[in-house]
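Participant: Numbering (the working numbering), first residue to last: 72 to 409. Ideal placement from N, C-alpha and C gives every residue a C-beta, glycine not left out. Could you have a look at this structure, given as structure tokens, before my questions?
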């Protein structure tokens with residue numbers, strides 16, 4: 072196994088490679104976009120650049136290593152990782168942590184994202200030939216499992232991997248809370264939180280809370296900034312289906328002709344739509360939100376309206392310490408021998 076400092080150096084070089092992609096890497100990007108039409112080249116590039124800027128800088132990796140007191144004495148295990156495939160490279164963070172900790176990874180890729188992580192591993196191997204990663208259809212030998220899936224697939228995870236140290240992730244989503252003081256720029260950036268990656272990620276905002284009397288028409292108008300999203304066939308098909316279904320059912324909804332807004336108590340909105348609810352008391356709303364266990368991110372005026380919230384436009388830029396479901400993967404790996 073390579074030294075920790077060499078793995079850190081390889082990851083820093085990976086960050087550079089993801090921002091300055093070679094012809095070979097671009098060919099992989101093209102193949103991934105053909106295989107899964109939700110993975111447009113622009114979205115794949117966005118994911119790569121976000122990982123490079125938020126997780127693969129020396130200024131991020133070295134403090135991360137120091138924070139956990141990582142060293143070359145961490146016992147090596149075989150970690151099985153079941154990858155999600157809803158947005159490009161969504162399972163990268165799990166792989167990165169396992170790699171930093173010197174673990175062997177058996178990765179079961181999603182059928183929706185078969186090519187991007189293998190290309191990342193290939194790049195790392197070109198810098199340091201010791202990535203200790205294999206891609207499998209069925210796990211062979213594993214000491215622990217990290218699996219991401221729907222609420223339904225979690226039942227299978229719990230059956231197949233019972234008795235094994237694990238992290239199982241379920242369906243989660245993100246919300247935004249407005250107070251009416253938001254600028255036009257805030258609302259346009261909120262549109263990115265809603266519609267980046269076509270709204271398919273757990274960090275995408277699928278529900279908005281706003282105060283009674285809020286001028287929703289202005290929000291609808293500002294979010295027309297993203298009307299080009301209707302040029303994507305699958306997105307438009309989902310929009311048309313929702314529009315027709317809710318119209319036939321005589322349900323009340325609003326649209327700016329690229330996104331449907333529907334008042335609904337649910338949190339997981341359909342593709343091409345976002346739910347909303349009005350509130351009267353922010354303190355009561357805050358307490359109600361604390362009781363929800365399926366919220367990944369909360370977007371608002373950063374830290375000012377509700378403690379721990381992200382600023383508008385930041386939901387799809389997770390850092391090294393932004394663990395899915397708030398479960399510390401690094402600590403999980405370090406605790407395997409305890």
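Does the separation of the CB atoms of residue 390 and residue 370 fall below 8 Å?
Facilitator: For residue 390 and residue 370, no; Cβs fall outside 8 Å.
Participant: Just to confirm, are residue 269 and residue 306 a CB contact at a threshold of 8 Å?
Facilitator: Closer than 8 Å, so yes.
Participant: Residue 327 and residue 349: beta carbons closer than 8 Å?
Facilitator: The answer is no: Cβ separation not under 8 Å.
Participant: Pick out whichever of 207, 116 and 130 has its Cα sitting closest to the Cα of residue 151.
Facilitator: Answer by Cα proximity: 207.
Participant: If residue 245 sits next to residue 275, beta carbons under 8 Å apart, how far is it from one beta carbon to the other, in whole angstroms?
Facilitator: Right, their Cβ atoms sit about 6 Å apart.
Participant: If we require 4 or more residues per run, which alpha helix (DSSP H) segments fall completely within the region 208-253?
Facilitator: Listed in chain order, the complete alpha helix (DSSP H) runs (minimum 4 residues) inside the region 208-253 are 222-231.
Participant: Since I believe residue 86 is in contact with residue 260 (beta carbons under 8 Å), could you give me their beta-carbon distance rounded to a whole number of angstroms?
Facilitator: Residue 260 to residue 86, Cβ: 24 Å. No contact.
Participant: Identify, in the order they occur along the chain, each residue of the same chain with its Cβ nearer than 7 Å to the Cβ of residue 78, setting aside the five sequence neighbours on each side.
Facilitator: Correct list, in chain order: 170, 171 and 199.
Participant: Spatial neighbours of residue 165 within its chain, please: C-beta separation below 7 Å, excluding the five flanking residues on both sides.
Facilitator: Closer than 7 Å at the Cβ level, and outside the excluded window around residue 165, lie 152, 217 and 400.
Participant: The alpha helix (DSSP H) with residue 189 in it runs from where to where?
Facilitator: Here the alpha helix (DSSP H) through residue 189 covers 187-198.
Participant: Examine the ligand FAD and report whether any of its heavy atoms sits within less than 7 Å of the Cβ of residue 73.
Facilitator: Only the bare structure without any ligand can be found here, which leaves the ligand FAD out of the picture.
Participant: Give a yes or no on whether the C-beta atoms belonging to residue 407 and residue 142 are separated by under 8 Å.
Facilitator: Cβ distance not < 8 Å, so residue 407 and residue 142 don't count as in contact.
Participant: Which one of 402, 392 and 94 has the shortest CA to CA distance from residue 126?
Facilitator: Of the listed residues, the one whose Cα sits closest to residue 126 is 392.
Participant: Between which two residues does the alpha helix (DSSP H) holding residue 317 run?
Facilitator: Where residue 317 is concerned, the enclosing alpha helix (DSSP H) stretches over 304-319.
Participant: So, under 8 Å CB-CB, residue 404 and residue 168 are touching, yes? Tell me the CB distance rounded to an integer number of Å.
Facilitator: Going by Cβ atoms, the distance from residue 404 to residue 168 rounds to 7 Å, so yes, they are a contact pair.
Participant: From what residue to what residue does the beta strand (DSSP E) around residue 137 run?
Facilitator: Counting along the chain, residue 137 falls outside any beta strand (DSSP E), though it belongs to the alpha helix (DSSP H) covering 129-138.
Participant: Just mark residue 154 as buried or exposed, buried being the case when its beta carbon has 16 or more other beta carbons within 10 Å.
Facilitator: With 16 or more other Cβ atoms within 10 Å, it is buried.
Participant: Determine the extent of the alpha helix (DSSP H) in which residue 96 is found, giving its start and end residues.
Facilitator: 94-106 is the extent of the alpha helix (DSSP H) around residue 96.
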